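Undergrad: The structure's right below; bear with me while I get my questions together.
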Ligand code: OGA
Ligand code: MN
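Residue numbers (my numbering): 465 to 751.
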């Protein structure tokens with residue numbers, strides 16, 4: 465059966481319409497979904513009703529799952545699911561990451577083998593207020609950003625690598641007042657700094673992506689700091705141009721899957737308790 469597919473924005477994203485991931489995911493439909501996914505970088509499934517196990521099972525179709533480095537925020541019994549939420553437990557402690565994704569980033573670009581994709585499932589979403597929605601997530605296509613570079617810039621970045629560091633992001637969040645505890649030595653060892661090509665071929669499609677992001681990229685290898693900062697700033701600006709992006713206004717039951725090699729994303733933190741936001745996320749490793 466042919467899937468009903470609707471683009472979310474010109475450069476990125478597709479909605480798979482009227483599809484129940486809990487019951488409809490046979491091999492034929494998965495093959496179609498995967499092909500739209502590789503092409504569009506971001507998929508939306510609305511009105512899902514997934515148990516933790518079903519969320520994990522759907523995620524596993526895309527590849528093996530990763531346990532996140534922030535162990536306290538994994539769901540008991542389901543270490544493959546990371547809780548992203550502003551909710552507090554009865555002792556007033558965070559029940560999950562309350563400040564995920566506040567800088568543009570591709571998930572786990574700080575790993576040597578960055579993950580393939582992430583699946584974020586909305587369980588509670590702050591209520592809308594007329595046209596106004598809260599806790600939106602922005603997405604942008606890094607392959608479109610690369611394709612739109614001028615010839616000179618493409619030549620300039622050809623062969624360059626950039627460093628990505630989880631510590632950069634973490635320190636910045638702490639400096640901004642986040643209550644995150646210091647990373648332990650063991651956590652630090654789990655996420656050493658890594659290098660990736662600035663023009664990075666997608667591991668599956670081989671299409672080049674402009675693979676730098678504000679969240680984790682620290683500098684261009686072998687460049688003087690001022691020169692590296694200026695180039696990175698210019699490249700990051702290219703990756704977040706509105707024509708390559710899409711803003712998702714969440715509804716409960718939405719499941720979004722994004723490709724971390726061809727896209728990046730940004731969370732908009734414009735809500736606070738008693739507005740509640742609760743999401744479950746899985747991370748799929750590169751094959
Ligand atoms: C993530 C993330 C953004 C959000 O799950 O990787 O960045 O809007 N989340 O919750
Ligand atoms: Mn993220």
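We treat Cβ as the ideally placed atom computed from N, Cα and C, and that holds for glycine.
Quick caveat: nothing in here was measured; it's all calculated off a predicted structure.
1. Between the Cα of residue 732 and the Cα atoms of 573, 482, 501 and 598, which residue gives the shortest distance?
2. Quick one: residues in its chain with C-beta nearer than 8 Å to the C-beta of residue 469, no 5 flanking neighbours on either side, listed in chain order?
3. Could you check whether the Cβ of residue 584 sits closer than 6 Å to any heavy atom belonging to the ligand OGA?
4. Going along the chain, which residues of its own chain have a beta-carbon closer than 7 Å to the beta-carbon of residue 679, five neighbours each way excluded?
5. Report, in whole angstroms, the separation of the C-beta atoms of residue 625 and residue 702, which I expect to be a contact under 8 Å.
6. Give every residue of the same chain whose Cβ lies closer than 8 Å to the Cβ of residue 657, excluding the five residues on either side of it in the sequence, and list them in chain order.
7. Using only CA atoms, which one of 592, 662, 672 and 749 lies nearest to residue 699?
8. Under 6 Å Cβ to Cβ from residue 734, same chain only, skipping five residues before and after it: list those, please.
9. Assuming the contact rule is C-beta atoms closer than 8 Å, residue 722 and residue 506 should be a hit. Round their C-beta distance to whole Å, please.
10. Using the three-state DSSP reduction, which class does residue 532 fall into: helix, strand or coil?
11. Quick test of the definition: if touching needs 3 or more C-beta pairs under 8 Å, does the segment 737 to 749 touch the segment 536 to 549?
12. Any heavy atom of the ligand MN inside 6 Å of the beta-carbon of residue 571?
13. For a minimum of 3 consecutive residues, which ranges assigned as the beta strand (DSSP E) are wholly contained in the segment 633 to 716?
14. Quick one: Cα of residue 502 to Cα of residue 751, how far?
15. For the pair the segment 666 to 674 and the segment 606 to 619, tell me if three or more CB-CB distances fall below 8 Å.
16. Let me know if residue 565 comes out buried or exposed under the rule of 16 or more other beta-carbons within 10 Å of its beta-carbon.
17. Below 8 Å CB to CB, which residues in the same chain sit around residue 587 once its five sequence neighbours on both sides are set aside?
18. So, helix, strand or coil for residue 485, using DSSP?
19. Excluding the five sequence neighbours on either side, which residues of its own chain have a C-beta within less than 8 Å of the C-beta of residue 693, listed in chain order?
20. Measuring alpha carbon to alpha carbon, tell me which of 748, 538, 472 and 711 ends up nearest residue 596.
21. Which partner residues of residue 729 appear in the DSSP bridge assignment?
22. From which residue to which residue does the alpha helix (DSSP H) around residue 493 run?
23. Quick check: what's the CA-CA separation for residue 591 versus residue 551?
TA: The short version:
1. As a first step, residue 732 must be located in the chain shown, where it is residue number 268. Answer by Cα proximity: 598.
2. Position 5 of the chain shown, counted from the start, is the residue given in the question as residue 469. Result list for residue 469: 478, 479, 480, 481 and 500, in chain order.
3. Taking the chain shown and counting its residues from 1, the one referred to as residue 584 is at position 120. Residue 584: yes, Cβ under 6 Å from the ligand OGA.
4. Against the chain shown, residue 679 aligns to sequence position 215. Around residue 679: 567, 568, 569 and 633.
5. One-based indexing of the chain shown puts residue 625 at position 161. One-based indexing of the chain shown puts residue 702 at position 238. With a Cβ gap of about 18 Å, residue 625 and residue 702 do not count as contacting.
6. Sequence index remark: in the chain shown, residue 657 carries index 193 (1-based). Once the five neighbours on either side are set aside, the close Cβ partners of residue 657 are 574, 627, 628, 629, 631 and 682.
7. Looking up residue 699 in the chain shown gives position 235. When only C-alpha atoms are compared, the closest one is 662.
8. For the purposes of this step, residue 734 is identified with residue 270 of the chain shown, where counting begins at 1. Once the five neighbours on either side are set aside, the close Cβ partners of residue 734 are 598.
9. Position 258 of the chain shown, counted from the first residue, corresponds to residue 722. Position 42 of the chain shown, counted from the first residue, corresponds to residue 506. With a Cβ gap of about 5 Å, residue 722 and residue 506 count as contacting.
10. Counting from 1 along the chain shown, the entry for residue 532 is found at position 68. Of the three classes helix, strand and coil, the one that applies to residue 532 here is coil, per DSSP.
11. yes
12. Start at 1 with the first residue of the chain shown, and residue 571 comes out as number 107. Yes, the Cβ of residue 571 comes within 6 Å of a heavy atom of the ligand MN.
13. 658 to 661, 663 to 665, 672 to 674, 681 to 684 and 709 to 712
14. Locating residue 502 in the chain shown gives position 38, counting from the first residue. Locating residue 751 in the chain shown gives position 287, counting from the first residue. Answer to the nearest angstrom: the Cα atoms are 14 Å apart.
15. yes
16. Locating residue 565 in the chain shown gives position 101, where the first residue counts as 1. With 16 or more other Cβ atoms within 10 Å, it is buried.
17. Here residue 587 refers to the residue found at position 123 when the chain shown is read from its first residue. Counting only Cβ-Cβ distances below 8 Å, and skipping sequence neighbours, we find 716, 742, 743 and 744.
18. Your numbering for residue 485 matches position 21 in the chain shown. Three-state result, residue 485: coil.
19. As a working note, residue 693 is residue 229 in the chain shown. Excluding residues within five positions, the ones whose Cβ falls inside 8 Å are 683.
20. Stepping through the chain shown from its first residue, residue 596 is reached at position 132. The candidate whose alpha carbon is nearest that of residue 596 is 711.
21. Sequence index remark: in the chain shown, residue 729 carries index 265 (1-based). 569 and 603, per the DSSP bridge assignment.
22. Your numbering for residue 493 matches position 29 in the chain shown. Counting along the chain, the alpha helix (DSSP H) containing residue 493 begins and ends at 491 to 504.
23. Counting from one through the chain shown, the residue named residue 591 turns up at place 127. Counting from one through the chain shown, the residue named residue 551 turns up at place 87. The alpha-carbon atoms of residue 591 and residue 551 are separated by roughly 15 Å.
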